Structure formats: C-alpha cells, structure tokens
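Contents: one structure, followed by commentary.
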Amino acid sequence: MGTSSEDPHRPATPIVDIEKPSVARAYDWYLGGSTNTAIDRDFAERAARLIPAQTMALDNRNFLRRVVTYLIDHGIRQFIDIGSGIPTVGNVHEVAASLADDVRVVYIDNDPVAVAQSHLLIDDDPRTTVINADIRDPATILGHTDVRDLLDFDQPIGVLMIAVWHFITDEHHPADTIATYRDALPNGSYLALSHLSERHATAELRARIRDCITTYTTSASPLVPRDPDTLTQWLTGFELLDPSIVPVNRWHPDLPGPDGPDNRLIIGGLAKYSASTRSS
C-alpha cells in the first residue's frame with residue numbers, strides 16, 4: 241500500500257550524517273537516556289546553555305503522558321506516534337499499558353538509531369511496531385503494511401506529533417501535510433501537537449532562541465519557532481479541545497509544578513476529528 245520509491249511526490253529518504261548531531265539523540269540525553277554520542281551530547285549542552293532545553297524536554301514528555309492518559313480515558317486504543325525518537329521512560333506504549341491492556345501503538349521516526357532502538361525495545365510486543373518514515377510522507381506512513389496490519393482504520397486513532405514540526409521548515413507545507421493525515425483518519429480520531437514558540441517568551445529568551453536557531457544549523461535539523469495561531473490554522477477541520485493551544489505545562493495539569501518563563505516555550509494542544517467538524 242505504500243507509495244513507490246519512484247513516486248516523485250515522496251520526500252527523499254533522509255541521509256543520516258553521523259558526523260552531525262541528531263535532535264532525537266539530543267532529546268534522549270535531555271531525558272536522561274544513554275543512546276547518544278559525544279557529538280550529540282556536545283550539541284545538546286551548547287543548546288542547553290542558550291535555552292532551557294531539558295526543562296522543555298521534560299515538559300514535553302509530561303504533556304505526552306497526559307495526552308495519552310486523556311485519550312485512553314476517552315476510549316482510544318490505537319496510536320500513531322510520529323517523530324517518536326529514542327525509546328526512553330514514559331513512551332506511549334508504556335503509559336498506555338499502565339491504563340489499558342488492549343492498546344496498539346505504531347512508532348514512526350526517520351532516525352535509524354531511534355528506529356533500531358525502538359525495535360529492540362518492542363521486539364516481543366505484538367501490539368507495538370516501529371517503521372522508518374518521515375512525517376512529511378503521510379502516504380507511506382498511512383499506507384504502510386505494518387501500520388495497516390496493526391491498526392483498524394474503522395476505529396478512532398490517536399495521532400501524536402510531539403515536538404517534531406519545529407524541526408521542519410514552511411517549504412514542506414505543514415498545514416497541507418496535516419490535512420492529508422486528517423482526511424485519512426476515521427471519525428472520532430484525535431491529533432496532538434506540541435511545538436517550540438516565542439509567543440510567551442521574555443525578550444531575553446527570544447534573543448536566546450535566535451542564538452539557538454543558529455546553533456541548530458550545525459545539526460541535521462533546522463529549528464523553526466511558531467505561534468499558537470499557526471498551530472490553530474494547521475488544525476483546520478478538527479475541533480480544537482479546551483484549553484486550546486497553550487504552554488504544555490498548562491494543558492490539563494495533574495500535578496502542581498513550576499510555571500515560570502522556561503515552562504512557556506513549548507506550546508501544544510489536542511484536537512478531535514469528525515466528518516461533521518470538517519464540513520462545518
């Protein structure tokens with residue numbers, strides 16, 4: 241079902257340069273993981289001197305946990321986690337398994353190390369799979385044999401795009417790509433997004449984000465902050481659920497925690513899809 245390798249509309253398969261740091265492996269380091277190299281750690285440390293990267297990573301991971309919990313509570317039993325990164329504590333299938341015993345999860349990443357580590361983690365779990373694919377290639381992801389074999393596209397699906405789009409520039413048309421995912425989803429499905437933003441940043445933090453963007457030019461990925469209005473526009477055709485697009489630590493918090501400027505750089509939200517929403 242996947243698109244042919246000769247499909248001219250399919251993004252080129254990313255070429256991984258092991259001499260360049262990987263944002264997936266840097267994220268792993270921020271979360272206390274060990275699947276990273278000296279190059280990744282040096283890059284992560286340089287970024288962390290400019291912005292509160294570890295705080296942002298932890299806020300993101302907690303947002304992911306709360307989203308998965310919310311979706312399990314609302315009957316979702318199958319997930320596609322796109323840009324899933326390196327397996328670390330608190331992954332989707334671990335959170336889901338603590339709440340329900342019938343959850344199926346597809347992990348998607350275009351970093352071969354992330355994919356290889358995910359295979360090692362889930363090798364014996366028949367309800368979880370991982371594929372190497374790019375978020376910009378929805379045809380391959382949605383038509384992949386492993387995805388179609390594991391998930392039931394007659395039942396709602398939770399699609400997770402957590403801290404991935406800020407590594408992709410506007411030339412790749414995020415809104416159009418998200419619309420393609422939306423149009424393939426069953427009624428009652430959900431899509432969660434989180435993203436770097438300067439909207440709630442202090443002037444000092446904005447300046448440091450600018451410096452960090454320069455730092456990211458040495459990695460395999462760019463860094464593109466966006467505002468809540470942009471994310472809302474991307475979710476056209478969905479019902480954006482309360483509290484809309486907010487700093488992720490303010491999205492259905494379940495525990496009291498810090499809420500300073502460093503906690504407001506990652507924004508996110510959850511939206512629900514139905515045919516009636518799209519046509520209204």
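For the sequence shown, the working numbering begins at 241 and goes up steadily by one. All C-beta atoms in this analysis are idealised placements derived from N, C-alpha and C, irrespective of residue type, glycine included. Given the structure is predicted, the values throughout are model-derived calculations rather than measurements.
Local Cβ density within 10 Å of residue i, reported as buried at 16 or more and exposed below that
{"i": "residue 473", "result": "exposed"}
{"i": "residue 509", "result": "buried"}
{"i": "residue 378", "result": "buried"}
{"i": "residue 515", "result": "exposed"}
{"i": "residue 454", "result": "exposed"}
{"i": "residue 443", "result": "exposed"}
{"i": "residue 422", "result": "buried"}
{"i": "residue 253", "result": "The predicted position of residue 253 is uncertain, since its pLDDT is 42 and thus under 50; a value taken from the coordinates is nonetheless stated next. Per the 10 Å Cβ criterion, exposed."}
Spatial neighbours of residue i in its chain, beta-carbon cut-off 7 Å, leaving aside the 5 residues before and after
{"i": "residue 296", "result": "505, 506"}
{"i": "residue 448", "result": "290, 291"}
{"i": "residue 275", "result": "265, 268, 326, 353, 357"}
Residues near residue i by beta carbon distance below 6 Å, same chain, minus five either side
{"i": "residue 279", "result": "261"}
{"i": "residue 318", "result": "344, 391, 397"}
{"i": "residue 335", "result": "305, 308"}
{"i": "residue 315", "result": "none"}
{"i": "residue 362", "result": "368"}
Pair within 9 Å by beta-carbon distance, residue i and residue j
{"i": "residue 456", "j": "residue 465", "result": "no"}
{"i": "residue 433", "j": "residue 485", "result": "yes"}
{"i": "residue 400", "j": "residue 324", "result": "yes"}
{"i": "residue 428", "j": "residue 513", "result": "yes"}
{"i": "residue 437", "j": "residue 414", "result": "no"}
{"i": "residue 418", "j": "residue 495", "result": "no"}
{"i": "residue 312", "j": "residue 293", "result": "no"}
{"i": "residue 502", "j": "residue 445", "result": "yes"}
{"i": "residue 424", "j": "residue 478", "result": "no"}
Whole-angstrom C-beta distance between residue j and residue i, which should lie under 8 Å
{"i": "residue 386", "j": "residue 402", "result": "Contact doesn't hold; Cβ gap of about 21 Å is too wide."}
{"i": "residue 487", "j": "residue 435", "result": "Rounded, the Cβ-Cβ distance is 11 Å, inconsistent with contact."}
{"i": "residue 355", "j": "residue 349", "result": "6 Å"}
Contacts around residue i, its chain only, beta-carbon distance under 8 Å, and the 5 residues preceding and following it disregarded
{"i": "residue 332", "result": "304, 308, 319, 321, 324, 345, 347, 400"}
{"i": "residue 359", "result": "370"}
Any non-hydrogen atom of the ligand PLP closer than 8 Å to residue i Cβ
{"i": "residue 263", "result": "Absent from the structure shown: the ligand PLP. Ligands present: none."}
At a cut of 8 Å, does the region 334 to 346 reach the region 379 to 392 through at least three beta carbon pairs? Yes: the two stretches touch, three or more of their Cβ pairs being nearer than 8 Å.
Would the region 484 to 494 count as touching the region 293 to 308 if we require 3 or more Cβ pairs under 8 Å? Touching, yes.
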